[in-house]
Amino acid sequence: MLAQAPSQSLQRSSARPRRCPHTYLASLRRVRCAAAQAEKAQLFSLHLGETTLSLPIPDSEAQNMRGALDNLLQTFAEKQKAERPKRWKMMEYRYKGAPGESGIDLFELFCNPNAHSTPFDAKILVTMKAAQGVSLTTEGTLSAVKGDIDAYLDQLS
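Under the working numbering, the first residue of the sequence shown is numbered 496, with each subsequent residue one higher.
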């Protein structure tokens with residue numbers, strides 16, 4: 496038979512270690528602030544072949560990105576109409592995140608229209624560098640990147 500322990504050892508102590516109320520309130524404010532920011536910030540997702548990249552980008556920067564890609568598509572339209580070959584200006588879009596705000600140090604899109612005959616063949620080089628030293632460079636089609644940006648902005652409106 497099992498021996499029973501004295502009833503005093505089975506009772507739990509009701510005394511909890513006390514915390515400073517100021518520390519608790521400060522940590523509660525940080526949690527609320529982080530939760531509020533998470534609700535406001537929606538992640539922008541790029542589907543690049545077998546890679547999906549999701550990152551927080553301000554709406555204004557997404558609009559700027561759309562404008563840069565629209566200019567690139569206009570360049571391809573002019574290239575199709577051109578009678579003589581010439582060198583076309585490369586598209587380079589850069590977004591530098593605010594330090595400590597989003598965790599993104601650099602987000603870059605790059606495309607050389609001279610290397611592709613049509614916008615349907617065009618590839619975009621995507622580079623993202625995070626605050627902790629993480630760096631990702633991948634490639635995707637122009638049509639996929641444009642579609643993802645349009646879908647993100649339509650979702651916001």
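Even for Gly, the Cβ is constructed at its ideal location relative to N, Cα and C.
Q) In whole angstroms, what is the alpha-carbon distance linking L648 and Q537? A) Start at 1 with the first residue of the sequence shown, and residue 648 comes out as number 153. Start at 1 with the first residue of the sequence shown, and residue 537 comes out as number 42. When rounded, the distance between both Cα atoms is 11 angstroms.
Q.
Within 10 Å of its beta-carbon, does F615 have 16 or more other beta-carbons around it, so buried, or fewer, so exposed?
A. Residue mapping note: residue 615 aligns to position 120 of the sequence shown, counting from 1. Under this definition F615 is an exposed residue.
Q. Pick from G592, T570, E545 and L568: whose alpha carbon is nearest that of S555?
A. In the sequence shown, the residue the question calls residue 555 occupies position 60. Per the Cα distances, G592.
(Q) Buried or exposed, going by whether 16 or more other CB atoms sit within 10 Å of the CB of Q650? (A) Here the question's residue 650 lines up with position 155 in the sequence shown. Q650 is exposed by the Cβ-count criterion.
Q) Is it true that the CB of W583 sits closer than 7 angstroms to the CB of K566? A) Start at 1 with the first residue of the sequence shown, and residue 566 comes out as number 71. Start at 1 with the first residue of the sequence shown, and residue 583 comes out as number 88. The sequence given here places Asn at residue 566; Lys does not occur at that position. Not closer than 7 angstroms, so no.
**Q.** Nearest-angstrom beta carbon gap, F602 and Y590 [assumed within contact, 8 angstroms]
**A.** Mapped onto the sequence shown, residue 590 falls at position 95. Mapped onto the sequence shown, residue 602 falls at position 107. With 8 angstroms as the limit, Y590 and F602 qualify as a contact, their Cβ atoms being about 4 angstroms apart.
Q. Would a C-beta distance cut-off of 7 angstroms place D643 and A626 closer than the cut-off?
A. Taking the sequence shown and counting its residues from 1, the one referred to as residue 643 is at position 148. Taking the sequence shown and counting its residues from 1, the one referred to as residue 626 is at position 131. Taking 7 angstroms as the cut-off, the Cβ atoms of D643 and A626 do not count as close.
Q: Give, in chain order, every unbroken run of the alpha helix (DSSP H) that is at least 4 residues long and sits entirely within the segment 537-587.
A: 554-576
(Q) Considering only their Cβ atoms, is the gap separating M586 from A563 smaller than 7 angstroms? (A) Counting from 1 along the sequence shown, the entry for residue 563 is found at position 68. Counting from 1 along the sequence shown, the entry for residue 586 is found at position 91. In this structure, M586 lies closer than 7 angstroms to A563 by Cβ.
(Q) Quick check: what's the CA-CA separation for T636 versus K576? (A) As a first step, residue 636 must be located in the sequence shown, where it is residue number 141. As a first step, residue 576 must be located in the sequence shown, where it is residue number 81. Whole-angstrom Cα-Cα distance: 22 angstroms.
**Q.** Collapsed DSSP secondary structure at S652 in the structure displayed
**A.** Counted from its first residue, the sequence shown places residue 652 at position 157. Reduced to three states, the DSSP call for S652 is coil.
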